[in-house]
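The structure appears below as structure tokens.
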Amino acid sequence: MTTTVAVIGLGAMGLPMATRLAERFTVRGFDIAPERVALAADQGVTPAGSASEAVADAEAVLVAVRTGAQLDALLFGEDGLAPHLAAGSVVILTSTVGTDGIADIAARLAERGAHLVDAPLSGGPVRAGEGDLLIVVGATPDALGIARPILDQLASTLSVVGERPGDGQALKTVNQLLCGVHIAAAGEALALADALGLDREKTLEALTAGAANSFMLGNRGPRALQAYDEEGAEVLSRLDIFVKDLGIVGDAARRAHLSTPVAAAAEQLFLLGEAQGLGALDDSAVIRVIAPERLS
């Protein structure tokens, strides 16, 4: 069984994942912020002085980056991690970066005797710490065999969608199309209810009890109702994440020569929200793009 896991980046998701993994495995953690390394050490994670030190002799390395270019730089750039990876180890990509370049990165790792496990996840920091994440995976059977105990420790729902790195990114792209559209639609619906003079709380209760319900309406709806409060809703997923993710959706659709007008419309709402300074707020704050002020 895999016993040593390196977690590179101990941010909002990396820290709770490292803590969760430390319940079962030896975990080494590294972050450029010393205070994050100290927090991890307090929760059973072995601190590393550098990323290369963290990955040395580790059977698995968890990484989270915003783009495929950042992943390439992390592994193969100046002071990249690839030369320090143990033979037969797996690099587990946990973030949503799109399919572009993933196959090439997997091939370059394979030349060095390492594997790429494409495992974008959904859930948020609280669920990460509880092992309650949704993870979709694209990986060869050999790579999945190494990574499986780690992914099982983090996930309540683990879906293996293909044997190619990039398959996980592809399914996550489809997932984010629906999630972004549903969040934007929930904001529109609640803004319309407000404009029509309806009680928002009662409207949300009625909608979630019927055919109009969706996970995003039920999950983001209550936070959208808090979007106009002075302190706003608790930030569980930043609005600017959907600027990135719906951009990935649009890029994938264009490469496939597929029209996705509903996703494109949702993307514009999130872009407007970012331009209006809402990027760091919870993504349910997209309702404020549709209706900048509460109407009733």
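Its first residue numbered 1, the sequence shown is counted upward by one per residue in our numbering.
Yeah, the Cβ is synthetic: ideal placement off N, Cα and C, and Gly gets one too.
Query, Result
"Inter-stretch contact at 8 Å, needing at least 3 Cβ pairs: the segment 141-148 / the segment 77-86", "no"
"Reduced DSSP category for S159 - H, G, I as helix; E, B as strand; rest coil", "strand"
"Outcome for F215 when other beta-carbon atoms lying within 10 angstroms are tallied against a minimum of 16", "exposed"
"Run of the alpha helix (DSSP H) containing I102, from where it starts to where it stops", "102-111"
"Proximity below 8 Å, CB of G279 to CB of D240", "yes"
"P34 classed as buried or exposed, judged by whether at least 16 other C-beta atoms fall within 10 angstroms", "exposed"
"Cβ-based burial, P16 [other Cβ within 10 Å; buried from 16]", "buried"
"Neighbour-count burial assignment, I32, 16 or more Cβ in a 10 Å radius", "exposed"
"Collapsed DSSP secondary structure at D57 in the structure displayed", "coil"
"Which listed residue (M13, A103, D229, T19) has its alpha carbon closest to that of D118", "A103"
"8 Å Cβ cutoff, Q169 in contact with chain B", "Absent from the structure is chain B; it holds one protein chain and no more."
"K172 classed as buried or exposed, judged by whether at least 16 other C-beta atoms fall within 10 angstroms", "buried"
"Continuous alpha helix (DSSP H) stretch holding L93: start and end", "Looking at the DSSP string, L93 is not in any alpha helix (DSSP H); the run it does join, the beta strand (DSSP E), is 90-93."
"Inter-residue CB distance, S374 and E59 (contact presumed, cutoff 8 Å)", "No answer is possible for residue 374: the residues shown for the chain start at 1 and end at 296."
"Three-pair Cβ contact test at 8 Å for the segment 178-190 versus the segment 198-208", "yes"
"In DSSP terms, what V7 is bridged to", "G29, L62"
"Presumed contact (8 Å Cβ cut-off) between L281 and G247, rounded CB distance", "About 18 Å separates the two Cβ atoms, so there is no contact after all."
"Supposed close pair A6, A54 - CB separation, criterion 8 Å", "4 Å"
"Distance between A285 and E293 (C-alpha atoms, nearest Å)", "12 Å"
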